[in-house]
Amino acid sequence: MPEPTRPQTPDDTIGARDLTAWHTRFGRWLVDLFAVLARVSRPAARRVASWSSAHVAFVVFAVIALVVMVALVEGIETVYEGVVGRDGLTAVDQPVLDAAITLRSPGLDSAVTAFTDVGGPVGMPILALVAVAIITWRRRRWTPIVLTVIAAAGSLAMTIVGKNVVDRARPPASLAVPPLELSPSFPSGHTLNATVLTTIVVYLVLIETTAAWQRTLAITIGTIFVLTMGLSRVFLGHHWLTDVLAGWLIGLAWALAVITAHRLWLTLRERPETVRGEATDTTDTAVA
Numbered sequence: 110m111p112e113p114t115r116p117q118t119p120d121d122t123i124g125a126r127d128l129t130a131w132h133t134r135f136g137r138w139l140v141d142l143f144a145v146l147a148r149v150s151r152p153a154a155r156r157v158a159s160w161s162s163a164h165v166a167f168v169v170f171a172v173i174a175l176v177v178m179v180a181l182v183e184g185i186e187t188v189y190e191g192v193v194g195r196d197g198l199t200a201v202d203q204p205v206l207d208a209a210i211t212l213r214s215p216g217l218d219s220a221v222t223a224f225t226d227v228g229g230p231v232g233m234p235i236l237a238l239v240a241v242a243i244i245t246w247r248r249r250r251w252t253p254i255v256l257t258v259i260a261a262a263g264s265l266a267m268t269i270v271g272k273n274v275v276d277r278a279r280p281p282a283s284l285a286v287p288p289l290e291l292s293p294s295f296p297s298g299h300t301l302n303a304t305v306l307t308t309i310v311v312y313l314v315l316i317e318t319t320a321a322w323q324r325t326l327a328i329t330i331g332t333i334f335v336l337t338m339g340l341s342r343v344f345l346g347h348h349w350l351t352d353v354l355a356g357w358l359i360g361l362a363w364a365l366a367v368i369t370a371h372r373l374w375l376t377l378r379e380r381p382e383t384v385r386g387e388a389t390d391t392t393d394t395a396v397a
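Under my numbering, the first residue of the sequence shown is numbered 110, with each subsequent residue one higher.
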């Protein structure tokens, strides 16, 4: 007998794709695992707040993912030390920077500096918050703000850990376009944070919009923004290429972890029967 269809809420689909449908064996195992963890953790969670199993699963997965990601960032130091030469550079870092220097001009330098400031510690949060505020207003739910805050907090934590652990020197000041930056170089914080926040914003837009062309446009603009933000750091001589590559990879991994946590929340919220032995709680409010 086919499974009965269920009404879909505005935040559990992207186009025709049901975000609560897990098509891989690993995905279904993940749902079952965190359904059990949520049921076990729920009594303790209720001492703090009246949380549903979906809320508990979301928090548990996000915390575990953040711990794993921070450990991964620390592990990058070992890989990094294995690929650098005596001067602390990989085979591509200096040649790429040298090529970028040949492209510079006063006008282009100013334009790229203005653009890279958008992805800085002030510009990127403001840009993301404006986009998220609009989406939150349209949806009348707190989901966008919750996801963005969690994503930003994890991104900041990984940037701090990476810089303190690796403590890599930036390119020589003589090869950089002012204003100079003094913090460690690895990973590129601009790149990592832009990757995380842009990916989350694009994900929220994909859920919000119903037109295929709008989803395509959002993905295209987001991808170009993240790529050019990273390359701008190399162009200006503020980071080596490998700093930027690390920012892209770590940022994307963390953003996907946050998205997975959201999908788990949606799944357990819409299908409370997944948590074996737990009755449906119709009084729970949405996490977002």
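Idealized CB from N, CA, C, for every residue including glycine.
| Asked | Found |
| --- | --- |
| From H217 to G232, what does the alpha carbon distance come to, in whole angstroms? | Checking the sequence shown, residue 217 turns out to be Leu, not His. Those two C-alpha atoms are separated by around 20 Å. |
| Inspect the CB distances between the stretch 318 to 327 and the stretch 296 to 307 and report whether three or more fall short of 8 Å. | no |
| With DSSP run on the structure shown, which of helix, strand or coil describes T319? | coil |
| So, using beta-carbon positions, are T245 and I235 closer together than 7 Å? | no |
| Taking DSSP as the reference, what is the three-state secondary structure of D218? | helix |
| Which residue wins for smallest C-alpha separation from L265, given the options W131, T304 and I333? | T304 |
| Tell whether a beta-carbon distance below 7 Å holds between R277 and F295. | yes |
| Cα separation between G413 and A261? | The displayed coordinates of the chain run from 110 to 397. Any statement about residue 413 would go beyond what the structure contains. |
| If contacts are defined as beta-carbon pairs under 8 Å, then L206 and G331 qualify, I think. What distance do you get, rounded to the angstrom? | Contact doesn't hold; Cβ gap of about 26 Å is too wide. |
| Cα-Cα, which of I243, T307 and F170 is closest to A329? | It is Thr, not Ala, that sits at residue 329 in the sequence shown. It is T307 whose Cα lies nearest to the Cα of T329. |
| Do V241 and T257 have their CB atoms nearer than 7 Å? | yes |
| Would you kindly report the start and end of the unbroken alpha helix (DSSP H) that includes A262? | T252 to V275 |
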